[in-house]
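See below for the structure under consideration.
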Amino acid sequence: WPFYCVLVTLLAREAVIGTETLAARDARENNEVHNTQYDIVRFYNTTDPTWTFLSSDGGTPTCEVDVLENITETNLTFFKYFYQGTRKYGQRYSGYFDKWAPYVDATVYNQVVLGYAGLEPFKNEELWFAPEDFSCGVLKVNMAKNLGNWFDLRVRNSSLGSISTSECRRRFVLHAKPPIRTVYNEDCQKILQPGDYLEGNGILNAK
């Protein structure tokens, strides 16, 4: 039985899609990100709250959601809300759009450099995949000073119903390394309701 299971797994892995095996498709799509320009300005340019659905960050916050405040062709500000345990936190972020190597000559911005509003940037996010409508995206998050990186699967609020079977989810699994955690659940919608949240040592009114 063990040999049979391994054989079935190998056969399934080498299953052919048209004239391309699954393994070949994975290799092609893994390299595709370095030959495709995904416009991160269009990804962020929405009034729809954007959730982190899955992540390989190794953290513990839940219900992470970004709510846009302002965006231009080169800059943006937004609020990120999340739960740490039962406490609701919020941070105001600001950032600028940029091009990550090897795309210094790209025609669109494909990364954003971010930090807490008014402070120095401490991370950048690269958009590795997005569909034509930018309803979801696979982002690689890189912390400054080589403090680590991970992948997020993010999705707009209006597209939550289709994320489990989406191309975004498949691409996320292709790039992200385990362990992968689920950040969003249905109860997370409550975090969007007006109320107080914690930011540092102060309590501010949530928008």
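Throughout the sequence shown, residue numbering follows mature numbering (1 follows the signal peptide of the UniProt record, and there is no 0), covering -18 to -1, 1 to 189 in sequence. In this text, a Cβ means the ideal position worked out from N, Cα and C, and glycines have one as well.
{"Query": "Proximity of residue 123 and residue 131 at Cβ, strictly below 8 Å", "Result": "yes"}
{"Query": "C-alpha distance - residue 23 paired with residue 67, whole-angstrom precision", "Result": "32 Å"}
{"Query": "Bridge-paired residues (DSSP) for residue 37", "Result": "134 and 163"}
{"Query": "Sheet register partners of residue 118 (DSSP bridge)", "Result": "137"}
{"Query": "Backbone secondary structure at residue 67 - three-state DSSP", "Result": "coil"}
{"Query": "Residue 116 versus residue 45 - alpha carbon distance", "Result": "20 Å"}
{"Query": "Same chain, Cβ closer than 6 Å to residue 137, neighbours up to 5 away in sequence not counted", "Result": "33, 35, 118 and 145"}
{"Query": "contact_flag[the stretch 96 to 105, the stretch 72 to 81] where n(CB pairs < 8 Å) is 3 or more", "Result": "yes"}
{"Query": "Where the alpha helix (DSSP H) containing residue 94 begins and where it ends", "Result": "Note, residue 94: premise wrong, no alpha helix (DSSP H); beta strand (DSSP E) at 93 to 98."}
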